[in-house]
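Everything below concerns the one structure shown next.
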Amino acid sequence: MGFEDTALQSRILTLMTLSFHIIYATVGVGVPLMIMIAQWVGIRKKDEHYILLARRWARGFVITVAVGVVTGTAIGLQLSLLWPNFMQMAGNVIALPLFMEVFAFFFEAIFLGIYLYTWDRFEDQRKHFLLLIPVAVGAAASSVFITIVNSFMNAPQGFEVLNGELVNISPLLAMFSPAVPTKVAHVLATAFMTSAFVLASIAAYRLMRGSNHIYHKKALFLTMKLGLVFSIATAIIGDFSGKYLAEYQPEKLAAAEWHFETEAEADLILFGVLDGEEAKYAIRIPYALSILAHGVPNAEVIGLNEFPEDEIPPLWIHYLFDTMVTLGMWLAFFSFVYVVGAWRGWSIITKTWFRWLTVMTGPLAMLAIQAGWWFTEVGRQPWILRGYMKTSEGATTSGNVDLMIVLFAGLYLILGIGTVVVLSRMYKRNPVEDELAQRESNKGGEEQ
Amino acid sequence: MTLEIIGISVLWLFLFLYVIVASIDFGAGFFNAYSAFSDKQHVLTGVVQRYLSPVWEVTNVFFVFFFVGIIGFFPQTAFYYGTTLLVPASIALILLAIRGSYYAFATYGAKINHRGYIYMYGLSGLLLPAALSPVLAISEGGFIRLEGGQPSLDYWALFMSPLMWSIVVLSIAAVLYISAVFLTWYAAKAGDAKATTLLRKYALIWAGPTIVTATGIIFELRGHNPEHYANLLDLWWMFALSFLLFLGTVYLVWKRRNYGMAFILLVGQFFTAFFAYGASHYPYLLYPHLTIYDSFTNESMAIALIIAFIAGLGLLLPSLYLLFRLFLFDKDYVKGKSDYHA
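Keeping their order, the protein sequence lines are chains H and P. Count along the first sequence from 1, then add 26; that gives the number in this note's numbering. Count along the second sequence from 1, then add 17; that gives the number in this note's numbering.
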């Protein structure tokens with residue numbers, strides 16, 4: 027072990043690439059739907075503000091997509107470069123959704139190009155709106171296919187191993203593993219939720235920085251409503267995910283919950299520190315783990331004692347799990363307060379401290395995404411393909427992985443900084459007030 | 018026709034399409050940087066940005082399609098090529114990132130047109146073929162050793178190999194040649210006489226090196242891989258046809274006639290040469306370790322992939338047609354008369 031261990035190095039590089047990519051991927055899946063909704067509302071209400079909202083989001087979106095293409099290509103290739111032994115095996119069973127993902131992205135990329143370069147080209151706005159549907163469908167489908175591959179890693183099926191050979195392979199059965207429904211739903215709902223909150227953060231930030239334009243208020247109210255809807259959806263799906271884990275990956279749930287002994291009427295442990303097998307300073311919610319796992323308070327929940335020691339995930343995933351759940355709950359609660367406040371005209375929601383909390387929703391949602399993916403990936407350890415292949419067996423034997431870590435760290439740093447600089451510069455140079463005024467005067471010109 | 022042949026033909030076709038569209042993209046970036054360097058920027062920038070910006074993501078997908086597809090149809094390639102190509106493929110990824118970020122940051126975004134960035138973008142267009150094409154040399158065998166059952170790449174042997182360097186030179190020359198011929202046509206369509214003249218000159222300059230290095234590689238193979246060389250000679254008529262098509266392109270460009278037909282002949286030239294090369298490589302994916310038969314996936318996966326491929330094409334071809342109609346064949350857009358960017 028140590029840093030010379032290429033398996034560990036490969037894990038670090040993969041972790042880095044995925045953690046960076048998931049930011050762009052989440053935005054890439056969620057924002058097209060937000061643009062669609064804004065443009066649709068604009069067309070229906072004949073409200074220029076919402077149309078412009080869609081347009082300005084689209085401009086920023088294309089930048090994140092371009093960076094996402096770069097990081098997505100990186101992870102696509104790194105799968106084979108860093109995990110050749112795994113890909114050789116997985117290629118036989120789960121190549122189909124990977125292949126389909128390329129088509130879905132292909133489809134999205136084509137229509138995104140068309141959508142972006144055809145603003146105002148059509149007399150009828152609805153025609154332009156139609157071009158957005160394949161973008162949103164393609165984006166969502168990409169994430170569905172990739173999540174299907176990840177589901178397979180967690181709950182492999184659709185093949186048998188006979189004397190070290192893969193036999194009876196069924197690509198479709200492998201695609202529809204038991205992990206698929208909850209995982210796919212969770213990924214989609216959280217992508218929509220996070221994108222809504224990221225856009226809400228931007229609107230709230232503009233409102234804090236002096237601009238009191240109704241445009242930002244409309245943007246904020248719309249995105250907070252969407253954030254609320256999708257955070258509630260996320261919470262409900264999260265509950266089903268718990269039941270999935272209890273059934274198919276009980277060791278992951280048990281490690282996340284520091285649930286050492288199989289028992290009924292199990293408590294849910296929140297936070298705390300581990301002392302041996304004792305959770306100290308933790309909040310214990312009676313029966314909650316049994317309810318999360320099986321829906322009834324007296325259900326038996328499998329504990330870590332049922333697994334060999336070398337097949338138990340690291341126990342620190344408890345904190346990742348808690349981070350994800352706490353942030354999710356907070357975002358649902360906060361957006362609920364905001365939406366009710368906006369309806370009822372509470373003055374609290376325009377207070378500076380409240381605005382700051384609103385600005386924080388986007389970053390917090392993104393943090394929850396990171397915690398969630400780290401949880402599910404670290405929680406699958408020591409397996410790369412649960413029950414069949416350990417992560418260390420899947421890794422490359424090639425040297426120089428450490429050098430590549432440095433190289434890609436530099437790349438991601440530059441891309442990250444570049445994204446922030448370019449996006450903020452783009453919007454600062456062309457504030458919405460100017461653009462609205464300009465569109466107004468253009469219109470005046472046409473009438474004459 | 019066996020499933021193996023269908024699989025490799027589909028992948029080879031997509032690799033061919035990538036070679037063509039990526040060459041246009043890489044070369045255009047280089048010409049753009051070169052003209053910025055020699056202060057002729059205004060001549061090319063418009064042409065380059067109008068054509069490249071909407072389609073580069075599509076270009077990139079051809080590449081992704083190839084490497085995802087080859088793992089799907091021939092999973093064992095992950096073991097041989099995945100293990101050994103870590104460093105060159107990572108370098109290629111970094112270079113692709115430079116190009117992608119240029120589109121993201123300089124053309125879509127805040128229009129950072131810093132010269133350094135334009136040069137980096139242009140240079141990456143030359144370095145990328147140099148980073149990717151050695152894989153073709155590696156596939157000829159002699160550079161991958163098996164140590165304790167694990168493949169590893171002999172960098173020194175590769176670095177000292179004249180075959181590898183010839184392939185690199187060919188890939189760069191071909192990128193510039195393909196790109197110049199295409200852009201000559203595009204500029205002519207756009208009615209930009211200045212850009213047409215300049216690009217036509219580039220096309221004629223790079224025609225010679227392309228054909229000379231391509232011929233050179235065939236002879237170098239005689240020493241490096243006699244078996245492959247013999248197979249190549251069996252297909253001499255395809256290379257002869259390719260050469261005739263090459264002459265046709267040069268003739269049309271020289272006479273300033275029908276640039277569209279010149280580009281179609283060029284695609285034909287590369288198509289015949291690329292498939293003749295591919296066919297003579299059969300059945301090896303990697304001499305002498307890997308053939309398309311012993312690396313092939315199971316039958317049910319192969320059939321599933323082919324069905325997915327056909328369904329995918331049904332979706333993609335009309336979409337691609339729409340894309341090209343809007344950005345390649347729409348006169349107003351090509352001429353820069355209409356700008357509807359968000």
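All C-beta atoms, glycine included, are put in the ideal place defined by N, C-alpha and C.
The beta-carbon distance between F291 (chain P) and F33 (chain P), rounded to whole angstroms, is 5 Å. This is short enough to meet the 8 Å contact definition. Interface residue (Cβ-Cβ distance to chain H less than 8 Å): F33 (chain P) is not classified as such.
Chain P has a Cβ within less than 8 Å of the Cβ of T423 (chain H).
If you draw a 10 Å sphere on the C-beta of W409 (chain H), you find 16 or more other C-beta atoms in it, and that means buried.
Distance from A308 (chain H) to F401 (chain H) at the Cβ level is roughly 18 Å; contact not present, criterion being Cβ atoms closer than 8 Å. When rounded, the separation of the alpha-carbon atoms in Q65 (chain H) and I89 (chain H) is 19 Å. Straight through space, the alpha carbons of A305 (chain H) and D336 (chain H) are spaced by roughly 21 Å.
For L216 (chain P), the closest Cβ of chain H is not nearer than 8 Å. Positions of the alpha helix (DSSP H) runs, each at least 4 residues long and wholly inside the segment 319-380 of chain H, are given as 343-370 in order along the chain.
Taking 7 Å as the cut-off between beta carbons, none of the residues of the segment 39-55 of chain P comes near chain H. In this structure, DSSP gives S169 (chain P) an extended state, which the three-state scheme calls strand. Your pair S141 (chain P) and I108 (chain P) does not check out as a contact, with CB atoms roughly 11 Å apart and the cut at 8 Å. The bridge partners DSSP lists for I25 (chain P) come to none. Its chain contains V161, G164 and A165 as the residues whose beta carbon lies nearer than 6 Å to that of E134 (chain H), once the 5 sequence neighbours on both sides are disregarded; these appear in chain order.
When C-beta distances to chain H are compared with 8 Å, the residues of the segment 311-325 of chain P below that value are T314, N315, S317, M318, A321, L322 and A325, in chain order.
Annotated as proximal: F90 (chain P) and L322 (chain P), with beta-carbon spacing under 8 Å.
As the crow flies, the alpha-carbon of T43 (chain H) is around 20 Å from that of L390 (chain H). Taken through DSSP and simplified to helix, strand or coil, W145 (chain H) comes out as coil. K306 (chain H) sits in a strand when the DSSP states are folded into three classes. When the beta-carbon positions are compared, S45 (chain H) and T422 (chain H) stay at least 8 Å from each other.
DSSP links T308 (chain P) through a beta bridge to P:Y301. Within 10 angstroms of the beta-carbon of T94 (chain P) lie 16 or more other beta-carbons, which makes it buried.
Under the 8 Å criterion on CB atoms, P197 (chain H) is classed as interfacial with respect to chain P. Distances from the alpha-carbon of A205 (chain H) to those of H:G264, H:S257 and H:V299 put H:G264 closest. In the DSSP annotation of this structure, the continuous segment of the alpha helix (DSSP H) that includes E237 (chain P) starts and ends at A210 to H241. Identification of residues in the segment 119-133 of chain H having a C-beta nearer than 8 Å to some C-beta of chain P yields V119, A121, L122, L124, F125, M126, E127, V128, F129, F131, F132 and F133, given in sequence order. Neighbours of A106 (chain P) in chain H, taken as residues at a C-beta separation under 8 Å, are given in chain order as L103 and L107.
Ranking H:D31, H:T144, H:W399 and H:L39 by CA distance to the CA of L339 (chain P) puts H:T144 first. Proximity to H285 (chain H) across H:I262, H:R310, H:A261 and H:Y274 peaks at H:R310, based on C-alpha coordinates. By the Cβ rule, the segment 75-92 of chain H counts as touching the segment 451-467 of chain H, because three or more pairs are nearer than 8 Å. Listed along chain H, the residues sitting closer than 9 Å to F82 (chain P) by beta-carbon distance are F125, V128, F129 and F132. Shown here, R116 (chain P) sits in a helix according to DSSP, grouped into three states. Chain P has a Cβ within less than 8 Å of the Cβ of Q114 (chain H). Distance between I320 (chain P) and V152 (chain P), taken at the CA atoms: about 28 Å. Chain H has a Cβ within less than 8 Å of the Cβ of Q167 (chain P).
Straight through space, the alpha carbons of M278 (chain P) and V64 (chain P) are spaced by roughly 20 Å.
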